[in-house]
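Heads up, the thing below is written out as structure tokens.
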Amino acid sequence: MEKLVVKGGKKLFGTADVPAAKNALLPIIAAAYMLDGESCIKQCPQLSDIFASRDIINSTGSTAFIHNGDFSVIYSDSQIYEIPQELCSTMRSSVLYLAPMLYRRGKAAIYMPGGCRIGKRPVDIHIDGLCRMGARAECDDEKIVLTAEDGLKGVTYKLRIPSVGATQTLIMAAATAKGITVLKNCAREPEIVDLARFLNRAGAKITGAGKNEIIIRGVSSLSGVEYTPVPDRIFAATILSAVNACGGMCRIRNYPVEYMEYFEKILRRTGLVSLHFSDSAFVFKAADIAADINIHTGYYPAFSTDMGPLLSAAMVNNSGTLNMYETVFENRFSYSTEFEKLGMCCKVEGRNYIQKRKKEVYTANLTAKDLRAGAAAVVAALAKKGCFTIDNIGYIDRGYEKIEDVFSSLGADIRRVSVGRQETDETE
Ligand code: UD1
4 MEKLVVKGGK KLFGTADVPA AKNALLPIIA AAYMLDGESC IKQCPQLSDI FASRDIINST
64 GSTAFIHNGD FSVIYSDSQI YEIPQELCST MRSSVLYLAP MLYRRGKAAI YMPGGCRIGK
124 RPVDIHIDGL CRMGARAECD DEKIVLTAED GLKGVTYKLR IPSVGATQTL IMAAATAKGI
184 TVLKNCAREP EIVDLARFLN RAGAKITGAG KNEIIIRGVS SLSGVEYTPV PDRIFAATIL
244 SAVNACGGMC RIRNYPVEYM EYFEKILRRT GLVSLHFSDS AFVFKAADIA ADINIHTGYY
304 PAFSTDMGPL LSAAMVNNSG TLNMYETVFE NRFSYSTEFE KLGMCCKVEG RNYIQKRKKE
364 VYTANLTAKD LRAGAAAVVA ALAKKGCFTI DNIGYIDRGY EKIEDVFSSL GADIRRVSVG
424 RQETDETE
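Okay, so the sequence shown: first residue is 4 according to this note's numbering, each after it adds one.
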């Protein structure tokens with residue numbers, strides 16, 4: 004067991020490089036399973052969800068490996084159509100293998116996927132859409148088995164809600180289905196556009212990604228490609244929130260400027276300045292401006308639900324009030340108990356969250372309650388003068404490669420220790 008030890012209160016200076024987006028990589032790696040020959044996904048960070056994706060592909064008889072930041076997939080035929088339960092339970096994105104598996108084997112079986120505990124996360128739209136395209140489903144509380152021996156066929160299908168994952172599943176399914184598929188009420192996240200771009204590079208015929216309606220003309224096969232996914236906008240938001248909360252000046256390289264406008268606009272009201280030049284953003288805290296922020300999270304282009312915890316962290320030293328309404332998940336504010344330990348006053352009422360600075364606290368043991376809640380706890384601890392620990396950091400490792408190295412390189416005092424060693428340190 005490991006934890007992070009943070010001595011907070013230092014301003015941040017230096018350069019951070021934004022890696023490829025985890026949320027783009029996971030569906031792209033699943034889609035690479037549909038490509039003949041070899042595919043190579045570049046700039047791939049070492050994340051536990053990426054290792055889980057590698058293990059899923061290897062469990063099906065194909066080959067996936069990571070070398071020098073390149074994720075390679077070499078497809079091989081086999082009879083295996085089921086993903087082992089221990090792999091499905093490690094991450095939600097195991098559901099993204101349903102469509103690729105159906106294309107390759109005519110049958111797909113997964114166990115109910117795991118992931119962050121941010122609320123109920125059903126997969127009914129994935130299954131309903133695939134069934135509308137001709138798959139037969141047998142599901143119980145534990146397992147989903149889909150069959151489509153003769154392949155899938157194009158249909159017009161309206162998603163009940165614009166689910167990111169379900170849009171990705173149905174794009175993949177339609178890419179090699181017979182005929183034309185029209186998907187309505189689609190998610191419009193940048194990672195959807197990136198998946199379509201990847202598949203089109205491999206020979207698919209997808210138009211409209213990034214809009215409500217996506218039209219896909221099925222093709223009979225796809226060919227292996229080399230591809231660099233979009234930069235991670237949530238990682239970029241993590242650095243912005245840290246500079247806002249800690250102060251200082253940083254360069255953020257490989258910055259996805261077109262997706263950061265909303266987050267930057269809010270932080271500007273609290274005194275953050277950002278300048279864009281070439282592939283970078285130069286951000287600095289010019290002033291501490293008390294600001295009351297009212298925001299609703301939502302589906303893109305609305306304010307990202309994943310950025311909500313980071314906005315909370317960005318505000319820990321602001322004397323204004325943050326009032327956030329979460330529209331996507333039921334349990335997004337698990338970090339509120341941890342922020343209370345840092346002297347914040349946090350009120351959660353259903354999907355509404357109100358945060359205000361209350362008192363100074365100089366030590367606390369925090370827990371990462373989920374991936375983004377964990378990142379928010381790290382940023383908040385960095386911003387507070389005192390010594391803090393964060394445990395349960397396996398969640399953070401799902402989305403950040405060595406978060407302690409990211410912030411150490413910006414001058415923060417943060418290190419990872421094993422729990423045994425941490426106890427020794429504390430007695431010294
Ligand atoms: C993706 C992101 C996640 C982000 C979320 C919303 C990845 C790997 N993860 O998750 O970081 O927080 O988008 O932007 O890209 N739903 C159903 N039935 C379904 C599918 C979804 O009811 O079949 C509901 C979910 O319970 C949730 C909402 O739809 O309340 C949004 O989920 P969805 O957009 O699918 O999120 P993910 O793809 O899981």
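Beta carbons: idealized from backbone N, C-alpha and C, even for Gly.
Within 6 angstroms: the Cβ of residue i and any heavy atom of ligand 1?
{"i": "Pro-125", "result": "yes"}
{"i": "Arg-107", "result": "no"}
{"i": "Ala-239", "result": "no"}
{"i": "Asn-26", "result": "yes"}
{"i": "Ile-164", "result": "yes"}
{"i": "Thr-330", "result": "no"}
{"i": "Ala-169", "result": "yes"}
{"i": "Ile-113", "result": "no"}
{"i": "Ser-337", "result": "no"}
{"i": "Ser-51", "result": "no"}
{"i": "Arg-200", "result": "no"}
{"i": "Thr-308", "result": "yes"}
{"i": "His-299", "result": "no"}
{"i": "Ser-96", "result": "yes"}
{"i": "His-279", "result": "no"}
{"i": "His-70", "result": "no"}
{"i": "Leu-29", "result": "yes"}
{"i": "Ile-128", "result": "yes"}
May I ask you to list the residues that DSSP assigns as paired with residue i?
{"i": "Met-432", "result": "The chain is shown only over 4 to 431; residue 432 falls outside these bounds and no answer can be derived."}
{"i": "Asn-257", "result": "In DSSP, Asn-257 forms no bridge with anything."}
{"i": "Cys-43", "result": "Ser-75, Glu-229"}
{"i": "Asn-368", "result": "Thr-392"}
{"i": "Thr-66", "result": "Ile-77"}
{"i": "Gly-499", "result": "The shown model of the chain, from 4 to 431, leaves out residue 499, and the question about it has no answer."}
{"i": "Asp-20", "result": "Arg-256"}
{"i": "His-279", "result": "Ala-284"}
{"i": "Met-347", "result": "Arg-360"}
Along the chain, where does the alpha helix (DSSP H) that runs through residue i open and close?
{"i": "Tyr-398", "result": "397-400"}
{"i": "Asp-416", "result": "Here Asp-416 belongs to no alpha helix (DSSP H); instead the beta strand (DSSP E) covers 416-421."}
{"i": "Arg-236", "result": "236-249"}
{"i": "Cys-2", "result": "Because the chain spans 4 through 431 in this model, residue 2 falls outside it and cannot be assessed."}
{"i": "Tyr-265", "result": "264-271"}
{"i": "Thr-308", "result": "Per DSSP, Thr-308 belongs to no alpha helix (DSSP H) and is neither H nor E."}
Please check the pair residue i and residue j, which I expect to be a contact at CB under 8 angstroms, by giving their CB distance rounded to whole angstroms.
{"i": "Tyr-398", "j": "Asp-373", "result": "6 angstroms"}
{"i": "Asp-235", "j": "Pro-22", "result": "6 angstroms"}
{"i": "Asp-52", "j": "Ser-96", "result": "7 angstroms"}
{"i": "Asn-321", "j": "Ile-357", "result": "Actually they do not touch by this definition, with Cβ atoms about 13 angstroms apart."}
{"i": "Val-196", "j": "Gly-213", "result": "4 angstroms"}
{"i": "Leu-149", "j": "Leu-105", "result": "6 angstroms"}
{"i": "Phe-74", "j": "Gly-414", "result": "With a Cβ gap of about 31 angstroms, Phe-74 and Gly-414 do not count as contacting."}
{"i": "Cys-189", "j": "Thr-170", "result": "5 angstroms"}
{"i": "Ala-378", "j": "Pro-312", "result": "7 angstroms"}
{"i": "Ile-219", "j": "Ala-177", "result": "4 angstroms"}
Following the continuous beta strand (DSSP E) through residue i, name the residue where it begins and the one where it ends.
{"i": "Phe-391", "result": "389-394"}
{"i": "Ile-32", "result": "It is not in any beta strand (DSSP E) - Ile-32 instead sits in the alpha helix (DSSP H) that spans 25-35."}
{"i": "Ile-218", "result": "217-220"}
{"i": "Leu-101", "result": "Run containing Leu-101: none in the beta strand (DSSP E); it sits in the alpha helix (DSSP H), 101-108."}
{"i": "Val-286", "result": "283-288"}
{"i": "Phe-332", "result": "No beta strand (DSSP E) contains Phe-332, which DSSP labels as neither H nor E."}
{"i": "Ile-140", "result": "It is Ala, not Ile, that sits at residue 140 in the sequence shown. Run containing Ala-140: 139-142, per the beta strand (DSSP E) assignment."}
{"i": "Thr-93", "result": "Counting along the chain, Thr-93 falls outside any beta strand (DSSP E), and DSSP gives it neither H nor E."}
{"i": "Leu-149", "result": "146-150"}
Any chance the CB of residue i is under 6 angstroms from a heavy atom of ligand 2?
{"i": "Leu-313", "result": "With respect to ligand 2, the structure shown offers nothing to examine, as its ligands consist of ligand 1."}
Taking 8 angstroms as the cut-off, does the segment 241-260 touch the segment 50-67 (at least 3 CB pairs, one atom from each stretch)?
no
Indicate whether the contact test is met: 3 or more Cβ pairs, each with one atom in the segment 183-192 and one in the segment 153-161, closer than 8 angstroms.
Yes, since at least three Cβ pairs between the segment 183-192 and the segment 153-161 fall closer than 8 angstroms, the two stretches touch.
Decide yes or no for the touch test of the segment 377-396 against the segment 4-15: beta carbon pairs closer than 8 angstroms, at least 3 of them.
yes
Just checking, does the segment 36-45 make contact with the segment 261-273 on the three C-beta pairs under 8 angstroms criterion?
Between the segment 36-45 and the segment 261-273, the count of Cβ pairs shorter than 8 angstroms is below three; the stretches do not touch.
Is the segment 311-321 close to the segment 381-392, with three or more CB pairs under 8 angstroms?
yes
Validate contact between the segment 279-298 and the segment 329-336 using beta carbons, cut 8 angstroms, 3 pairs
no
For the segment 160-172 against the segment 83-91, are there 3 or more C-beta pairs whose distance is under 8 angstroms?
The answer is no - the segment 83-91 does not touch the segment 160-172, with fewer than three Cβ pairs under 8 angstroms.
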